[in-house]
Amino acid sequence: MWRSSFLAAAVAAAACGRSGFERHPPSDAPPDTITNGPQTYRDAVIAAQPLAYWRFGDTDAAVRDEMGGAAGSFTGGCTQGVAGALHGDQDPAMKLDGTCRILLGSGFEFDGNAPYAIEVWIHTSLNTVYQQVFGRETRDTQNPIDGYELAVAPTGVQIERVIATSNNKTPAVTFATDRYFHVVAQYTGTTQQVWIDGVQVAQSIDARMTLANGAPALAGASTMGNFFTGDMDELAIYGRPLGGDEIQLHHMLGTN
């Protein structure tokens, strides 16, 4: 009930151009993300200054970055032009059939305890296999050695950091399988967090320093497989954690 009340108040506030309650953006968040009142989901994400933002609305073999970075590419069973996640936005998404791998370059390493956030909308089901949504990890024949990832485990969504084969994961959290849902998985420098549909649902403490690795950044699969099956839309990577007010705003703009 409180979430319905929150969304109703936020929609009404957006319609009149002001907030019905005072927002306090985190000190490291761009002030215009909150104070200028973005009118669309895309506006809000760009105002939050991600390192990269892929909408997956392309119609050729490229995966273009809205922030102007180098385009990614894809291989395998990747279908463009499927229905997107955002309410009232006709920009399409991509369907991954369990063989699709999206290559997104060599950035987004986040060595040491550098903070970051992964934001995405996905529509999928629980599976008996481990499905990578986004990550950058080196692996042996199967297991991660160093890096991080957002994944759909057999029991739910979780984020993981791995250092010299020692991993730290948040508890896996289940989700609605009949629709797209909004995920933010982030690391603050000391804590891993998972937010689903604007609500923080899991966390784990991890202040360890990660090691540099030469793995590529991938969506939809790891270097050794772990293929994702389902629809993916609006993937953004940030070099900082998002504030709770930003996450709630993005979810509200994507669903109303």
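Numbering follows numbering that gives the first Met the number 0, in which position 189 of the sequence shown is assigned residue number 188; successive positions increment by one, without gaps.
A virtual CB, placed ideally from N, CA and C, is assigned to each residue, including glycine.
Remember, predicted model here, so these are calculated numbers, not experimental data.
Non-local C-beta neighbours of residue 80 in its own chain, meaning closer than 8 Å and more than five positions away in sequence, comprise 58 and 91, ordered along the chain. Shown here, residue 96 sits in a strand according to DSSP, grouped into three states. DSSP, reduced to helix, strand and coil, places residue 148 within a strand of the structure shown. At a Cβ-Cβ threshold of 8 Å, residue 114 and residue 186 count as neighbours. Straight-line measurement puts the Cα of residue 126 at about 11 Å from the Cα of residue 97.
Residues 169, 170, 172 and 193 of the same chain have their beta carbon placed closer than 6 Å to that of residue 201, with the five preceding and five following residues left out of the count.
For residue 251, the enclosing alpha helix (DSSP H) starts and ends at 243-254. DSSP links residue 111 through a beta bridge to 209.
Using a 10 angstroms sphere on the CB of residue 255, the tally of other CB atoms stays under 16, which defines it as exposed. Linking residue 152 to residue 226 through their CA atoms gives a straight-line distance of about 11 Å. In the DSSP assignment, residue 43 falls within the alpha helix (DSSP H) that extends over 40-46.
The beta carbon of residue 211 sits closer than 6 Å to the beta carbons of 110 from its chain, once the five residues preceding and following it are set aside; these are given in chain order. Taken atom to atom, the span from the alpha-carbon of residue 246 to that of residue 197 is near 6 Å.
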